[in-house]
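First up is the structure itself, then whatever we jot down about it.
Number of protein chains: 2
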Amino acid sequence: MAKKNETAISPTRAENYPEWYQQVIRASDMAELSPVRGCMVIKPWGYALWENISRALDDMFKATGVQNAYFPLFIPVNFLEKEARHVEGFAKECAVVTHHKLEKGENNQLVPAGRLNEPLIVRPTSETIIGDAFSRWIRSYRDLPMLINQWANVVRWELRTRIFLRTSEFLWQEGHTVHATKQEAIERTYMMLNIYKEMAEKYLAMPVITGEKTEAEKFPGAEITTCIEAMMQDRKALQAGTSHFLGQNFAKASGIRFQSAQETEEYGWTTSWGVSTRLIGGLIMTHSDDNGAVMPPRIAPSHVVLLPIVKKVEQNENVMAYTRDLAEKLREKRYHGGPIRVQIDDRNIGGARNWDWIKKGIPLRVEIGPKDIAEDAVYVSRRDRDRKDSRSMPKDRFVDNICELLDEIHTELYKNALEYQRKHTRDIDEKEEFEAFFTPVNPDRPENHGGFARSHWCGKKECELAIKDRLNVTIRCIPFDREPEDGTCIECGTRTKKGRVIFAKAY
Amino acid sequence: MAKKNETAISPTRAENYPEWYQQVIRASDMAELSPVRGCMVIKPWGYALWENISRALDDMFKATGVQNAYFPLFIPVNFLEKEARHVEGFAKECAVVTHHKLEKGENNQLVPAGRLNEPLIVRPTSETIIGDAFSRWIRSYRDLPMLINQWANVVRWELRTRIFLRTSEFLWQEGHTVHATKQEAIERTYMMLNIYKEMAEKYLAMPVITGEKTEAEKFPGAEITTCIEAMMQDRKALQAGTSHFLGQNFAKASGIRFQSAQETEEYGWTTSWGVSTRLIGGLIMTHSDDNGAVMPPRIAPSHVVLLPIVKKVEQNENVMAYTRDLAEKLREKRYHGGPIRVQIDDRNIGGARNWDWIKKGIPLRVEIGPKDIAEDAVYVSRRDRDRKDSRSMPKDRFVDNICELLDEIHTELYKNALEYQRKHTRDIDEKEEFEAFFTPVNPDRPENHGGFARSHWCGKKECELAIKDRLNVTIRCIPFDREPEDGTCIECGTRTKKGRVIFAKAY
Numbered sequence: 040m041a042k043k044n045e046t047a048i049s050p051t052r053a054e055n056y057p058e059w060y061q062q063v064i065r066a067s068d069m070a071e072l073s074p075v076r077g078c079m080v081i082k083p084w085g086y087a088l089w090e091n092i093s094r095a096l097d098d099m100f101k102a103t104g105v106q107n108a109y110f111p112l113f114i115p116v117n118f119l120e121k122e123a124r125h126v127e128g129f130a131k132e133c134a135v136v137t138h139h140k141l142e143k144g145e146n147n148q149l150v151p152a153g154r155l156n157e158p159l160i161v162r163p164t165s166e167t168i169i170g171d172a173f174s175r176w177i178r179s180y181r182d183l184p185m186l187i188n189q190w191a192n193v194v195r196w197e198l199r200t201r202i203f204l205r206t207s208e209f210l211w212q213e214g215h216t217v218h219a220t221k222q223e224a225i226e227r228t229y230m231m232l233n234i235y236k237e238m239a240e241k242y243l244a245m246p247v248i249t250g251e252k253t254e255a256e257k258f259p260g261a262e263i264t265t266c267i268e269a270m271m272q273d274r275k276a277l278q279a280g281t282s283h284f285l286g287q288n289f290a291k292a293s294g295i296r297f298q299s300a301q302e303t304e305e306y307g308w309t310t311s312w313g314v315s316t317r318l319i320g321g322l323i324m325t326h327s328d329d330n331g332a333v334m335p336p337r338i339a340p341s342h343v344v345l346l347p348i349v350k351k352v353e354q355n356e357n358v359m360a361y362t363r364d365l366a367e368k369l370r371e372k373r374y375h376g377g378p379i380r381v382q383i384d385d386r387n388i389g390g391a392r393n394w395d396w397i398k399k400g401i402p403l404r405v406e407i408g409p410k411d412i413a414e415d416a417v418y419v420s421r422r423d424r425d426r427k428d429s430r431s432m433p434k435d436r437f438v439d440n441i442c443e444l445l446d447e448i449h450t451e452l453y454k455n456a457l458e459y460q461r462k463h464t465r466d467i468d469e470k471e472e473f474e475a476f477f478t479p480v481n482p483d484r485p486e487n488h489g490g491f492a493r494s495h496w497c498g499k500k501e502c503e504l505a506i507k508d509r510l511n512v513t514i515r516c517i518p519f520d521r522e523p524e525d526g527t528c529i530e531c532g533t534r535t536k537k538g539r540v541i542f543a544k545a546y
Numbered sequence: 040m041a042k043k044n045e046t047a048i049s050p051t052r053a054e055n056y057p058e059w060y061q062q063v064i065r066a067s068d069m070a071e072l073s074p075v076r077g078c079m080v081i082k083p084w085g086y087a088l089w090e091n092i093s094r095a096l097d098d099m100f101k102a103t104g105v106q107n108a109y110f111p112l113f114i115p116v117n118f119l120e121k122e123a124r125h126v127e128g129f130a131k132e133c134a135v136v137t138h139h140k141l142e143k144g145e146n147n148q149l150v151p152a153g154r155l156n157e158p159l160i161v162r163p164t165s166e167t168i169i170g171d172a173f174s175r176w177i178r179s180y181r182d183l184p185m186l187i188n189q190w191a192n193v194v195r196w197e198l199r200t201r202i203f204l205r206t207s208e209f210l211w212q213e214g215h216t217v218h219a220t221k222q223e224a225i226e227r228t229y230m231m232l233n234i235y236k237e238m239a240e241k242y243l244a245m246p247v248i249t250g251e252k253t254e255a256e257k258f259p260g261a262e263i264t265t266c267i268e269a270m271m272q273d274r275k276a277l278q279a280g281t282s283h284f285l286g287q288n289f290a291k292a293s294g295i296r297f298q299s300a301q302e303t304e305e306y307g308w309t310t311s312w313g314v315s316t317r318l319i320g321g322l323i324m325t326h327s328d329d330n331g332a333v334m335p336p337r338i339a340p341s342h343v344v345l346l347p348i349v350k351k352v353e354q355n356e357n358v359m360a361y362t363r364d365l366a367e368k369l370r371e372k373r374y375h376g377g378p379i380r381v382q383i384d385d386r387n388i389g390g391a392r393n394w395d396w397i398k399k400g401i402p403l404r405v406e407i408g409p410k411d412i413a414e415d416a417v418y419v420s421r422r423d424r425d426r427k428d429s430r431s432m433p434k435d436r437f438v439d440n441i442c443e444l445l446d447e448i449h450t451e452l453y454k455n456a457l458e459y460q461r462k463h464t465r466d467i468d469e470k471e472e473f474e475a476f477f478t479p480v481n482p483d484r485p486e487n488h489g490g491f492a493r494s495h496w497c498g499k500k501e502c503e504l505a506i507k508d509r510l511n512v513t514i515r516c517i518p519f520d521r522e523p524e525d526g527t528c529i530e531c532g533t534r535t536k537k538g539r540v541i542f543a544k545a546y
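Protein chains in written order, with our numbering: chain U, 40 to 546; chain G, 40 to 546.
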């Protein structure tokens, strides 16, 4: 419990950002690392976020004609090998299944038995296995476009794990489409990126920069990788979603051919696009503060908690009846496609009860005591505001306005995050300033640095890699809205007119 | 395309039931076997069934206080070993991960590298990994009951696979609960089984028998396994869902302890319960006929397809406008928590169009031609009725009554399935009759046999196993509604008063 001038989360963001992040997750009871190396357990308060995010995304996908399907968890190694860059990107970190049973060995210990003829890998992504299905499903241009999505778990063996951001197993969706023309596939790539931008900004209240990845940062096997990038409160970038135009690379690797309207045989043009439970890490690091999580209302596990205050036993029934009635009235209201999600917490544990909900980040807390009931009022606290701003409101007005109130919270969270991003984004033209911008003031806190630098780049991979080697800074994206401008490459000084790109440290 | 007196599916059920089943799935485009041994690809028309089933179940679970969470895909082998019967049940057929990368070996082929210190298995079920989490989450009786569910994929290495019914990977939900008392855990076991019965009967229109498994057929590690058993159209039983009372077995294996209200330290009482994509196999084999799939309306991927009939180009716009308007009006109606799901199929492919939808099993087909429009009518065909029963209806009446019509189809499907089950269930008291009942008339069609036998059983495992060995017939369940009755064991002749159990061949 936090005392005056203390915070509920220790350390604070300023003291130790990475550790603060872990503590926010622990205090809000969202997830934990499991005893299985690199895997996490997503607890109900965290999983509800994923449920709400995925329902909203699923509706958006379906509105564009996408259908869901499900493909095997396992991929034969020879599938992976079909696309050269793809295998290079994923072979280094994948779970390999080599046996199909366990038997008692020496010391009575269970050991792998039943060796497979060909090892299988647990899918790190499904381009190859889905491509194989598409090669059978698609015969003619009439079968196109093929617009498929799958909700699934994937595994990438990570050495350094950070909950939600980088775990060996994570949950995601992966969309895979096939088109008759290059143009249509490129349009689909951007269309899906726009849905991710909408999810980030309109649901997670997380402003993002959209753009294209450089050659060095592209998805293995893609022609174009587009992305949404968000700034966290340590001013590092989080790649929060990607949408790839794959050209005909995977169509050729998997044999996705179709007969065109002109009766010629053509390879399909494919795309793939995905977001994952990483989004949860993103929203935590965007909004949370030194008192814990702050949930953006539109995907919050719950919108409001009712906290009945009973000091004398004889008041109990009266207060509880008022509370239950309020809960019912709130649940009748609809917000973003579902009912208002209400919790009642009548535990008798003193101030810890209020702090529990602050740490969980529920958007609204409503205290209800005999005095409030006498005035037909409720005492409302907003998670995004200082606790001193809590105030009494007529109950009916609270019920009538709850959707507007939640939207107001959403808008303020977004506005604050956007201000933060702008404040820590700087146009930098001098190499010295660039170096200083990315050099931590305190070497013990390597996470404290400048933020996003908008600088010129000549376009050469060597410059990009030199910066990465020296400063651990990468080009996050070539923003879609970049404007041509005279400048010199921040690394080599070569003149360029292409305009600025976004440099940052990244998760 | 089926001609008069021909069927759309060949072979028919009578000709070759197992092959008919595969062909129904192929013709309806629900799923296919993948090139990965034993794994299936669930295509959009099949996956939509799973989406609708899981949404309905999820709502029912949550209404009883269950929350969703997510646990690791991988289980360390030593976790599995903690419960002796459990490991025996699953070690024989599990995917074992032994390496965490691939490297170029001889001939430039990719080979497993980076051997793990301890192999991991891909979860066949999650009692042990979830039990480990519960042992950390639960401290006091105030933390109980703990009511958790997970939607996930699981892997059990199957040698003989049959799509939806028995595949190496399948999708399911697994609920896991912990209670302070034995009584409460047993009540939860039955409560969840009742939800499965409701799903089967009220959504899938699939009548089930509920009861308890014998010792030999129990889940490995359970004290009581309860189940729902349905009769397929080959008169074999399908175990369609199970709910287990696990006693304190897994609590002791995983160390799930809590401090009671009396401040003593106690082990929790746990349950687990699950249904899987097997339900889809069940509904196919319950309702489908020799023309293909028949979808139960409440979980059908689509409820109705509109088939505009345009013979002259100049009618086109008129017919399409009428069709789109009808679709819009239908989509405004709500049926079982969602809108009426409508498809428009305006492909110009002749009679194949109608047959496509028959094979897919959509509950209602609506033809719309200039003549119908002139009468403000629609021409409606029900999938569950003979095609000769198609008839013209005033459009408004069709729209107004669509929900009642769908419910009528549901009720008839259920009624027919129940009649089938009753017709092929027989009380058998003589060993000879029992043998004959389970002996196929035609040895080439081993699937054709009697159905469910209600017979007496002395309770001894030896009798049960002798019958299994000789006839491949097992006790499907000891029905909850069995009544004490004098009789003699169908195998050994010992007198018993316990009442009848259900014997059948099973999937």
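C-beta: ideal position from N, C-alpha, C; glycine also.
Against chain G, the CB of ASN107 of chain U has a partner CB under 7 Å away; the residue lies at that interface.
Residue pairing of GLU305 of chain G in beta bridges, as defined by DSSP: G:PHE297.
Non-local C-beta neighbours of LYS221 of chain U in its own chain, meaning closer than 8 Å and more than five positions away in sequence, comprise GLY286, TRP308, ordered along the chain. A straight-line Cα-Cα distance of about 13 Å links GLU237 of chain G and GLU268 of chain G. Scanning U:ASN147, U:ILE64, U:ILE263, U:ASP468 for the CA closest to the CA of ARG201 of chain U turns up U:ILE64. Under the Cβ distance rule, LYS82 of chain U counts among the residues neighbouring chain G, one pair being separated by less than 7 Å.
Closest option to ILE225 of chain U, judged by alpha-carbon separation, among U:TRP496, U:PHE284, U:GLU356, U:TRP190: U:PHE284.
ALA391 of chain U: member of the alpha helix (DSSP H) spanning 391-399, first to last residue.
Judged by pairs of C-beta atoms under 8 Å, the stretch 105-124 of chain G touches the stretch 163-171 of chain G, as three or more such pairs exist. Of the candidates G:VAL343, G:GLU451, G:ASP435, G:SER494, the residue whose Cα lies closest to the Cα of SER420 of chain G is G:VAL343. With the criterion set as a beta carbon lying under 8 Å from some beta carbon of chain U, the members of the stretch 124-136 of chain G are VAL126, ALA130, LYS131, GLU132, CYS133, ALA134, VAL135, VAL136, in sequence order. One Cα belongs to SER299 of chain U, the other to SER174 of chain U, and the distance between them is close to 15 Å. Against chain G, the beta carbon of LEU96 of chain U has no neighbour under 9 Å; the closest one sits roughly 14 Å away. Rounded to whole angstroms, the gap between the alpha carbons of ILE338 of chain U and ASP329 of chain G is 46 Å.
Cβ proximity to chain G below 8 Å picks out nothing from the stretch 442-471 of chain U. With respect to the 7 Å criterion, PRO163 of chain G and ARG195 of chain G are classified as neighbours on the basis of their beta carbons. For a Cβ distance threshold of 8 Å, residue set PRO111, PHE113, ILE114, PRO115, LEU159, ILE168 of chain U lies close to VAL75 of chain G, ordered along the chain. With a 10 Å radius around the Cβ and a threshold of 16 neighbouring Cβ atoms, GLN212 of chain G comes out buried. Under the 10 Å beta carbon count, THR265 of chain U is surrounded by 16 or more other beta carbons and is classified as buried. Note that the C-beta distance between THR206 of chain U and MET79 of chain U is below 7 Å. Per the DSSP secondary-structure output, ALA191 of chain U pairs in a beta bridge with U:TRP211. It is roughly 16 Å from the alpha-carbon of CYS502 of chain U to the alpha-carbon of GLY538 of chain U. Listed along chain U, the residues sitting closer than 8 Å to LYS140 of chain G by beta-carbon distance are ALA130, LYS131, GLU132, CYS133, VAL135, TRP196. Closer than 7 Å to the CB of GLU145 of chain U there is not a single CB belonging to chain G. In terms of CA proximity to ASP468 of chain G, G:CYS528 leads the group G:ARG509, G:CYS528, G:GLU447.
With its beta carbon less than 7 Å from one in chain U, CYS78 of chain G belongs to the interface. With contacts defined as CB atoms closer than 7 Å, VAL512 of chain G and PHE476 of chain G fail to qualify as a contacting pair. Chain G has a Cβ within less than 7 Å of the Cβ of TYR86 of chain U. A contact between stretches requires three or more CB pairs, one per stretch, nearer than 8 Å, and the stretch 143-154 of chain G fails this requirement with the stretch 186-195 of chain G. Unbroken alpha helix (DSSP H) stretches of 4 residues or longer found wholly inside the stretch 350-394 of chain G: 355-370, given in chain order.
Put simply, the backbone Cα of VAL438 of chain U is about 58 Å away from that of GLU120 of chain U. Segment contact: the stretch 318-334 of chain G against the stretch 83-99 of chain G, three or more CB-CB distances shorter than 8 Å; contact assigned. At a cut-off of 7 Å between C-beta atoms, LEU149 of chain G counts as an interface residue with respect to chain U. Residues of the stretch 327-346 of chain U with a Cβ closer than 9 Å to any Cβ of chain G: none. The C-beta of ALA219 of chain G comes no closer than 7 Å to any C-beta of chain U.
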